[in-house]
Structure formats: C-alpha cells, structure tokens
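Colleague: Every letter in the sequence shown is one number past the one before it in the working numbering, and letter 8, counting from 1, is 8. For every residue, glycine included, the Cβ atom is placed at its ideal position computed from N, Cα and C. Below you'll find the structure I mean.
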Amino acid sequence: MRCSTYGCEPNEYRCSNRRCIQKTWRCDGDDDCLDGSDEKDCPTNPPGSPCSFTQFQCANRRQCIPKSFQCDTGVDCDDSSDEV
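Spelled out as structure tokens, the structure:
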C-alpha cells in the first residue's frame with residue numbers, strides 16, 4: 001500500500017512505521033505493517049464467545065470464518081450468511 005504525504009486513505013490504517021494498509025487487515029492475526037503495529041492493542045474475545053475477534057460468526061452460529069472471507073463473493077458459511 002502506498003502512503004501520500006498527507007496520510008492514508010479513509011479505508012486505510014496508518015501503521016507506526018507510516019505504512020498504510022487496509023483497515024480490514026488490522027487485528028487479523030497477520031503482521032501486515034511489517035512492524036507488528038497493526039496487531040497491537042487488539043480487542044479480546046468476550047468470555048464464552050465461540051469465535052475470535054478476527055472471525056465472523058455465521059448466522060447459523062455453528063461456524064466461524066476469517067473476517068476477510070465475509071463479503072468476498074465466495075460462500076464460506078454453510079448458510080451463505082457471509083455473503084448477505
């Protein structure tokens with residue numbers, strides 16, 4: 001991702017090293033910034049939560065998929081709720 005002298009685009013997250021990445025990549029479990037800053041201070045799961053904060057819970061509540069799979073034009077939930 002590129003960074004202009006004015007900062008990142010509205011849909012981008014600015015890393016500590018000034019790199020710009022997609023906002024959806026923040027707290028996804030991958031070091032997209034290459035300095036770890038996009039994985040710092042991430043929320044934790046509420047007690048008893050079936051999915052991690054990096055996952056989308058399908059409407060049938062029986063499946064958890066990576067958040068990046070939601071609305072990606074590929075059906076990943078058994079009930080297709082990730083594409084609704």
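1. Which same chain residues end up closer than 7 Å to D35 when comparing Cβ atoms and leaving out the 5 residues on each side of it in sequence?
2. Excluding the 5 residues preceding and the 5 following S37 in the sequence, name in chain order all residues of the same chain whose CB lies nearer than 6 Å to its CB.
3. Just the C-alpha distance for T73 and C20, rounded to the nearest angstrom, thanks.
4. Hey, would you say C27 sits closer than 8 Å to C42, going by beta carbons?
5. Can you tell me which of the three DSSP states F56 falls into?
6. Using the C-alpha atoms, what's the distance from F53 back to N60?
7. So P10 is in the beta strand (DSSP E); what residue range does that whole segment cover?
Modeller: This is what the structure holds:
1. Around D35: C15, S16, N17.
2. Excluding positions up to five away in sequence, the list reads C15, S16.
3. About 25 Å.
4. Yes. Within cutoff.
5. For F56, the three-state secondary structure derived from DSSP is strand.
6. N60 and F53 have their C-alpha atoms spaced approximately 18 Å apart.
7. First-last for P10: undefined, no H or E at that position.
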